[in-house]
Amino acid sequence: MITQEKYRTRVKELLANNSVKMVIGYKQGSTADRRRPLFVRSFEEADELVLDSNCIGNLAGYLVTEGLLSDEKRVGIFLRPEGIRSINILAAESQLNTEQIIIFGFDTSGREVKALQGEQAGDFSGLIDSLKEKPPEKSSDALLYRIDQMNTEERFAFWKDEFSRCIKCYACRQACPMCYCRRCIVDSNQPQWINTSSHTLGNFEWNIVRAFHLAGRCVGCGNCDRACPVNIPLRFINARMAQEVFESFDHYAGTSQTQEPVLASFNKDDSETFIL
Amino acid sequence: MTRILFSDKLDNCIARWRAAGLTVFGPVKTDTLSSYAAIEQASDFDFESVLPDRSIKDLFFPQTEPMLRYTIKKRAIETEDFTPPNGKRIIFGARPCDASGLAIDDSLFGWDYKDEYWIQRRNESVIVSIACTKADDFCLCSSLNLAPDSSTGSDVLLRPLENNNGWVVEELTDRGREAFLAIAELLQDGSDPIAPIADVPEKFDLDTCVAWLQNPENFESKFWKEISMRCIGCGSCTYLCPTCHCFDIQDEGDTYSGIRRKNWDSCSFALFTMHTSGHNPRATQSARWRQRIMHKFNYFPGTFSVNSCSGCGRCSRQCPVDMGITETLQKISTLQP
Amino acid sequence: MSEPFEPKIIAFVCTYCTYAGADLAGTSRLKYAPNVRIVRLPCTGRISPMFILKALQKGADGVLVSGCHPGDCHFTHGNYHARRRWMVFRSLLDFLGISPERVKFSWISAAEGGKFADLINSVTEDIRKLGPFDQYKELIKETETPATL
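Chains as they are written, first to last, in my numbering: chain A, 1 to 276; chain B, 277 to 613; chain C, 614 to 762.
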């Protein structure tokens with residue numbers, strides 16, 4: 001509550017002296033524990049801001065909405081550490097200028113909300129470095145454990161079953177702050193690389209392509225997983241990719257705005273044990 | 277005196293329906309998702325959930341379906357139609373909102389062009405709905421001139437008994453009567469009290485909303501931009517909707533042969549209206565959301581005299597950013613027409 | 614009686630090294646398994662994972678990707694980029710249950726005609742042992758679109 005009040009005041013201050021044109025935050029949603037995105041442009045709207053442990057969605061994707069930042073005015077945004085990492089990646093990929101972004105950083109442990117020190121993306125580098133030190137969790141999730149114990153055929157059968165439910169609504173893509181392509185590969189038809197139809201093969205291909213495109217870029221915010229209306233455990237796939245680039249290339253996505261994208265860079269000594 | 281189907285007779289009913297050549301479908305719940313699917317025995321049914329995550333549309337209008345096979349030869353193109361799959365079936369335990377959704381789409385798929393796939397599946401299916409005794413925060417049938425015990429679109433309506441051990445049977449159509457003839461001797465006469473239907477508070481005044489939507493001045497209202505700012509443009513609302521029926525036709529294959537498929541499409545997608553030239557008449561997400569609302573409550577009823585929404589609330593229930601028809605219409609109902 | 618299984622393998626190769634190596638194998642009259650269909654590309658850096666997926670979509674039982682040895686790339690570092698990409702892609706395929714044994718990678722220079730022939734033979738044998746990629750073919754069958762390989 002204290003953090004919420006502090007941030008409401010700060011948002012009003014920034015609005016009052018025209019330092020930001022808008023602040024993207026959370027407000028009460030349609031049920032007690034739902035929070036929905038809120039675009040604050042007035043004091044009344046600032047009073048609607050809510051900040052608590054239910055504020056889980058990563059809002060960073062809104063920053064790359066077409067035209068939002070093109071007037072070079074500043075925009076404020078409420079972000080968890082993963083969200084701040086998303087901002088760094090977007091900056092590293094030249095999608096935004098971090099100077100235009102005022103960050104209201106927060107993190108939660110249990111029901112407690114604590115504010116993060118700093119307002120510019122660069123201010124959080126210490127925090128993000130410390131997160132990198134804690135290696136990506138080899139999740140204790142029972143389902144992931146089960147997947148890891150499976151042999152190749154069983155894993156294929158498992159994912160086939162999961163992907164057979166996919167309806168290609170592309171909620172995973174749309175909810176993802178990293179999926180900002182103006183034209184997604186699946187929307188391109190010359191050539192048509194993957195099937196657009198939502199049969200299991202098409203679904204398989206779609207999910208492979210998306211996971212690969214996110215390799216080394218996913219920050220694990222969980223937006224895709226939560227958005228999926230048919231509950232495909234997408235988090236595992238992206239987390240596995242994050243783990244792979246961390247172990248193979250010591251890459252932790254979004255440490256800074258000058259970080260080289262892992263699949264657009266190389267090291268002459270990269271491992272090649274698998275190459276014949 | 278009413279006719280009652282007791283739950284303990286359900287396995288017998290399933291056996292009889294099967295013997296009569298019907299495949300039995302119903303609401304089914306797995307660890308990951310609930311949907312309407314084929315069932316083997318009574319214990320497969322999920323009557324506890326408020327409603328399945330996925331709508332009944334899946335059984336009549338699948339997300340992807342082959343229409344024809346083509347082969348391009350030197351002097352001709354050969355095509356071979358896929359006939360709609362046949363097989364009689366009974367869908368036991370449909371929710372009234374889902375059944376109403378089917379009735380809504382009947383008007384479209386049976387309109388100027390008769391959609392043979394839809395019509396054949398409809399003709400071969402018996403819809404047995406169960407009146408809802410439970411609702412959640414997102415249900416909105418009562419705001420759409422429907423109710424938890426609406427019989428629209430159903431062939432038989434069942435009303436749960438107060439003791440939760442059976443249903444009072446109301447046969448509504450010949451198709452329903454025929455299906456229940458097969459189990460006639462399993463029904464009992466009785467006067468057990470029925471459970472009260474779910475309380476679904478009215479969330480907005482539909483007439484006020486429709487009046488606002490019909491006013492041409494409101495087409496360019498700032499309201500649309502405000503309400504849809506947080507829409508991320510995914511298609512989950514349209515894909516889970518029992519009445520959204522837009523589809524795209526795609527060819528899959530290579531230069532000389534392939535399959536033409538009918539795939540779901542969504543007005544939420546930027547590509548939905550994109551022209552080859554690159555021009556997009558619905559260039560913004562707000563225009564797309566406006567289209568969805570206008571279509572459901574203004575254009576569709578203009579043609580078919582029925583709203584294209586049956587109030588299941590799935591759009592709001594699973595929206596990643598907590599939007600939906602309810603919120604939009606609630607806000608519209610407070611605006612000056 | 615059903616015919617013995619002959620694997621269908623698609624090889625994506627770079628034009629400067631592996632393709633030249635294949636050419637050398639041919640001009641040297643080396644005999645190797647006929648199961649591989651070669652697709653020539655400018656550089657391994659141009660070989661998108663999309664190509665691999667497309668090959669599988671069309672019914673390939675195995676895929677081979679091959680290019681210049683590290684340091685030999687005509688474009689100086691296309692193969693270094695490719696190497697990282699494959700590393701990650703292999704791990705993804707493995708996690709999703711597509712055996713990495715079906716997607717092979719190699720470095721073959723323009724001088725290694727013999728290595729090319731040997732590799733094609735050994736890859737063909739490996740894939741033959743794995744058998745047809747039935748799990749994927751079931752998915753293809755379900756689409757009603759014939760696998761045209």
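All C-beta atoms, glycine included, are put in the ideal place defined by N, C-alpha and C.
Just so you know, these numbers come straight off a predicted model, no measurement behind them.
- Using a C-beta cut-off of 8 Å, the segment 507–517 of chain B makes contact with the segment 583–594 of chain B, since at least three inter-stretch Cβ pairs fall below that distance.
- Beta-bridge partners assigned by DSSP to Y312 (chain B): B:P303.
- P436 (chain B): member of the beta strand (DSSP E) spanning V432 to P436, first to last residue.
- By the rule that beta-carbons nearer than 8 Å mark a contact, F718 (chain C) touches chain A.
- In this structure, A:Q259 is the residue among A:T273, A:S271 and A:Q259 with its C-alpha nearest to the C-alpha of S125 (chain A).
- In this chain, L327 (chain B) is not harboured by any beta strand (DSSP E), its DSSP state being neither H nor E.
- Residue state for Y749 (chain C) is assigned as helix, using DSSP reduced to three classes.
- Annotated as proximal: F718 (chain C) and F274 (chain A), with beta-carbon spacing under 8 Å.
- Residue pairing by DSSP places F368 (chain B) opposite B:V404 in a beta bridge.
- For E757 (chain C), the nearest beta carbon of chain B is closer than 8 Å to its own beta carbon.
- At a C-beta separation below 7 Å, I711 (chain C) has these neighbours in chain A: F156.
- Within chain C, the C-beta atoms nearer than 9 Å to that of M241 (chain A) come from V701, S704, L705 and F708, in chain order.
- In summary, the residues of the segment 729–756 of chain C whose CB is separated from some CB of chain A by less than 7 Å are L732, Q748, L752, I753, E755 and T756, in the order they occur in the chain.
- Interface residue (Cβ-Cβ distance to chain A less than 8 Å): R537 (chain B) is classified as such.
- Inside the segment 614–699 of chain C, DSSP marks whole beta strand (DSSP E) runs of 3 or more residues at positions 622–627, 649–654 and 675–680, from first to last along the chain.
- Setting aside the 5 residues that flank it on each side, S53 (chain A) is surrounded in the same chain by T108, G110, R111, E112 and V113, each with a C-beta closer than 8 Å to its C-beta; the list follows chain order.
- In the DSSP annotation of this structure, the continuous segment of the alpha helix (DSSP H) that includes D450 (chain B) starts and ends at D450 to L457.
- Ranked by how close their Cα comes to the Cα of V701 (chain C), the residues C:V716, C:V626, C:N648 and C:A624 have C:V716 in first place.
- About 4 Å separates the Cβ atoms of F301 (chain B) and I367 (chain B), confirming a contact at the 8 Å cut-off.
- Taking the Cα of G578 (chain B) as reference, the smallest distance to any Cα among B:P469, B:V486 and B:V476 is reached at B:V486.
- Assigned with DSSP and collapsed to three states, N734 (chain C) falls in helix.
- Beta-bridge pairing by DSSP links Y26 (chain A) to A:P37.
- Three or more beta-carbon pairs separated by less than 8 Å link the segment 218–238 of chain A to the segment 161–177 of chain A, which places the two stretches in contact.
- By the Cβ neighbour-count rule, G684 (chain C) is exposed, with fewer than 16 other Cβ atoms within 10 Å of its own.
- Taking the C-beta atoms as reference points, S418 (chain B) is found nearer than 8 Å to V476 (chain B).
- For D530 (chain B), the nearest CB of chain C lies under 8 Å from its own CB, placing it at the interface with that chain.
- For G76 (chain A), there is no enclosing alpha helix (DSSP H); the enclosing beta strand (DSSP E) has its first and last residue at V75 to L79.
- DSSP places F204 (chain A) in the uninterrupted alpha helix (DSSP H) bounded by T200 to L214.
- V11 (chain A) is outside the set of residues whose beta carbon lies under 8 Å from a beta carbon in chain B.
- Near chain B, meaning a CB-to-CB distance below 7 Å, the residues of the segment 28–51 of chain A are G29, S30, T31, R34, R36, P37 and F39.
- For G369 (chain B), no CB of chain C lies under 8 Å from its own CB, so it is not counted at the interface with that chain.
- Sequence-ordered contacts of the segment 341–356 of chain B with chain C read P342 and R345 [C-beta pairs closer than 9 Å].
- Scanning its chain for C-beta atoms nearer than 6 Å, with the 5 sequence neighbours on each side dropped, one finds around S641 (chain C) the residues G726, in chain order.
- If you draw a straight line from the Cα of I103 (chain A) to the Cα of L14 (chain A), it is about 12 Å long.
- Counted as a single uninterrupted DSSP element, the stretch harbouring S719 (chain C) is not any alpha helix (DSSP H) but the beta strand (DSSP E) occupying residues V716 to W720.
- Boundaries around Q526 (chain B) are those of the beta strand (DSSP E), F523 to G529, since no alpha helix (DSSP H) includes it.
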